[in-house]
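Below is one structure, written out as structure tokens; the observations come after it.
There are 2 protein chains.
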Amino acid sequence: MKIKNDHNLDFALILANHGVSKTKFRINLLNLFYEKESLTVKEVMNKFSNLINKVTIYRALVSFEEKGLIHKVPSSNNIIRYSLCNSDECSASLHKHNHGHFICNNCNQTFCLENYKSPDIKPVDGFYINSLNLILEGYCKDCHLN
Amino acid sequence: MKIKNDHNLDFALILANHGVSKTKFRINLLNLFYEKESLTVKEVMNKFSNLINKVTIYRALVSFEEKGLIHKVPSSNNIIRYSLCNSDECSASLHKHNHGHFICNNCNQTFCLENYKSPDIKPVDGFYINSLNLILEGYCKDCHLN
DNA sequence: CAAAATAACGCAATTAAGTTGCGTTTATTT
DNA sequence: AAATAAACGCAACTTAATTGCGTTATTTTG
Ligand SMILES: [Mn+2]
Ligand SMILES: [Mn+2]
Ligand SMILES: [Zn+2]
Ligand SMILES: [Zn+2]
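First to last, the sequence lines map onto chains A and B.
Sequential numbering of the first sequence, starting at 0, is according to numbering that gives the first Met the number 0.
Sequential numbering of the second sequence, starting at 0, is according to numbering that gives the first Met the number 0.
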């Protein structure tokens, strides 16, 4: 029992429970997702000071996604963002959050908007639904002023 | 008064009203948006049989967007989609639709889901909101079977 | 309506996100 | 500890998106 991170979580154990190999990098990557609401490949690269090969990051993200640890967040630019799955609301094959997410079109940070409740997922004739996301975009406090 | 399209609309006039130059291509492009729920650059290119330079398409889409004719549709892949603004719900600076949109992760078609009502836009402390989108993703009827 | 001004267009070159193959290293299983 | 499987790094590649610039089409003005 040697957990020493800001979340009192055993990230190696979480990885193991999801069938993901617990390498140093992947443990740190999972930790990172607990610190930031959402991440892009570039943001991960910067966080690791470019010491990790970008291909490794891409493949780790795909692996995390396949094993139900993270999911993609829709946005209007052409950069893929990932966000930690909420164990209450997400399963490996059906992702939703009960609240909206705000994406700043300048700094690209994302923020949870607890005020915005997203509708429940209900089946629709002939559509196989994998995810539901309520996306708000615009400028955050910092970026609006500039 | 020589309007001969499937929508009984004078696309040249609409362009003029929005301050967009009415070239043959842009008239046809606007027409195209009235036929398809959403479009990517590649889809536009194919519709014009690759006769229009892709840079021209990119710049026309940016122009349409700036003038409030179309807006981006968030998605989880890295390809930008545009959709016609709804004059009832969209303004040049604030875009929303009152219903969710479904994106097929295989054929990339989009479908309006009138059953899914999106919440109203309400101001949030320190956030400047430009758009609200309710995005559902998965597989459409055709692509689910394959 | 013709000239001047402005906006759109096409082409070539570039940037940057994302992917693939393969040999090597690290982790997991037996 | 040996065998198996997964992760990693590097180089090369693909493709979406952007930029510069000279040319052509549209719009504005006298
Ligand atoms: Mn999820
Ligand atoms: Mn709109
Ligand atoms: Zn911002
Ligand atoms: Zn489909």
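Glycine included, every Cβ here is placed at the ideal spot set by N, Cα and C.
Out of GLU34/B, HIS70/B and CYS89/B, which one is the CA nearest neighbour of HIS149/B?
Nothing in the structure corresponds to residue 149/B, since chain B is present only between 0 and 145.
Is GLN108/B near ligand 5, with its Cβ less than 7 angstroms from a heavy atom?
With respect to ligand 5, the structure offers nothing, as its ligand set consists of ligand 1, ligand 2, ligand 3 and ligand 4.
Examine the Cβ distances between the segment 90–106 of chain A and the segment 92–108 of chain B and report whether three or more of them are shorter than 8 angstroms.
Contact between the segment 90–106 of chain A and the segment 92–108 of chain B is absent, with fewer than three C-beta pairs closer than 8 angstroms.
Around the C-beta of ILE78/A, are 16 or more other C-beta atoms found within 10 angstroms, so that it is buried, or is it exposed?
When all chains shown are included, ILE78/A counts as exposed.
Between LYS121/A, PHE126/A and HIS143/A, which has its C-alpha nearest PHE126/B's C-alpha?
Per the Cα distances, HIS143/A.
Can you tell me whether HIS94/A sits near ligand 1, meaning its C-beta is under 7 angstroms from at least one heavy atom of the ligand?
Checking every heavy atom of ligand 1 against the Cβ of HIS94/A, one is found closer than 7 angstroms.
Would you be able to state if there are at least three C-beta pairs under 8 angstroms between the segment 103–115 of chain B and the segment 103–116 of chain A?
The segment 103–116 of chain A makes no contact with the segment 103–115 of chain B: fewer than 3 CB pairs, one atom from each, lie closer than 8 angstroms.
Contact list for PHE234/B against chain A, beta-carbon separation under 7 angstroms:
There is no way to answer for residue 234/B, as the model of chain B reaches only from 0 to 145.
Please tell me whether, using a cut-off of 7 angstroms, the distance from the CB of CYS111/B to the nearest non-hydrogen atom of ligand 2 is below it.
No; taking the cut-off as 7 angstroms, the Cβ of CYS111/B has no heavy atom of ligand 2 nearer than that.
Using a Cβ cut-off of 9 angstroms, which residues of the segment 104–134 of chain B contact any Cβ in chain A, in chain order?
For the segment 104–134 of chain B, which is checked against every Cβ of chain A, the residues closer than 9 angstroms are ASN104, PHE110, LEU112, ASN114, TYR115, LYS116, SER117, PRO118, ILE120, LYS121, VAL123, ASP124, GLY125, PHE126, TYR127, ILE128, ASN129, SER130, LEU131, ASN132, LEU133 and ILE134.
What distance in whole Å lies between the Cβ atoms of GLU136/A and ILE102/A, which are believed to be in contact at a cut-off of 8 angstroms?
Contact annotation, ILE102/A with GLU136/A: C-beta distance approximately 5 angstroms; criterion of less than 8 angstroms satisfied.
Considering only the alpha carbon of each residue, which of CYS106/B, ASN129/B, ARG58/B and VAL123/B lies closest to ASN105/A?
The shortest C-alpha separation from ASN105/A is found at ASN129/B.
With distances taken between CB atoms, is the gap from HIS98/B to SER82/B smaller than 8 angstroms?
When the beta-carbon positions are compared, HIS98/B and SER82/B stay at least 8 angstroms from each other.
Suppose the cutoff is 6 angstroms on Cβ atoms and the five residues either side in sequence are ignored; what does the same chain contact list for ASN132/A look like?
The beta carbon of ASN132/A sits closer than 6 angstroms to those of PRO73, all from its chain and outside the five residues before and after it, given in chain order.
DSSP-derived helix/strand/coil call for LEU14/B:
The DSSP-derived three-state label of LEU14/B is helix.
Local conformation of ASN27/A per DSSP, three classes
In this structure, DSSP gives ASN27/A a helical state, which the three-state scheme calls helix.
Between which two residues does the alpha helix (DSSP H) containing LEU60/B stretch?
Per DSSP, LEU60/B belongs to the alpha helix (DSSP H) from 53–65.
Tell me whether VAL19/A is buried or exposed, calling it buried when 16 or more other Cβ atoms sit within 10 Å of its Cβ.
So VAL19/A counts as buried.
Less than 7 angstroms between C-beta atoms, sequence neighbours within five positions excluded: which residues of the same chain meet that for SER62/A?
VAL19, listed in sequence order.
Coarse secondary structure for ASN132/B, derived from DSSP in three states:
Correct three-state label for ASN132/B: strand.
Inter-residue spacing [alpha-carbon to alpha-carbon] between PHE47/B and LEU8/B
Distance between the alpha carbons of PHE47/B and LEU8/B is about 21 angstroms.
Could you tell me the boundaries of the beta strand (DSSP E) in which VAL19/B lies?
Judged by DSSP secondary structure, VAL19/B falls outside any beta strand (DSSP E); it is assigned neither H nor E.
In chain order, what residues of the segment 69–101 of chain B put their CB closer than 8 angstroms to some CB of chain A?
For the segment 69–101 of chain B, which is checked against every Cβ of chain A, the residues closer than 8 angstroms are LYS71, VAL72, PRO73, SER74, SER75, ASN76, ASN77, ILE78, ILE79, GLY99 and PHE101.
At a cut-off of 7 angstroms, would you count ASP5/B as near ligand 3, judging by its Cβ distance to the nearest heavy atom?
Not one heavy atom of ligand 3 sits closer than 7 angstroms to the Cβ of ASP5/B.
Can you determine whether any heavy atom of ligand 2 sits closer than 7 angstroms to the C-beta of HIS70/B, and answer yes or no?
A distance criterion of 7 angstroms places the beta-carbon of HIS70/B in contact range of ligand 2, judged by its closest non-hydrogen atom.
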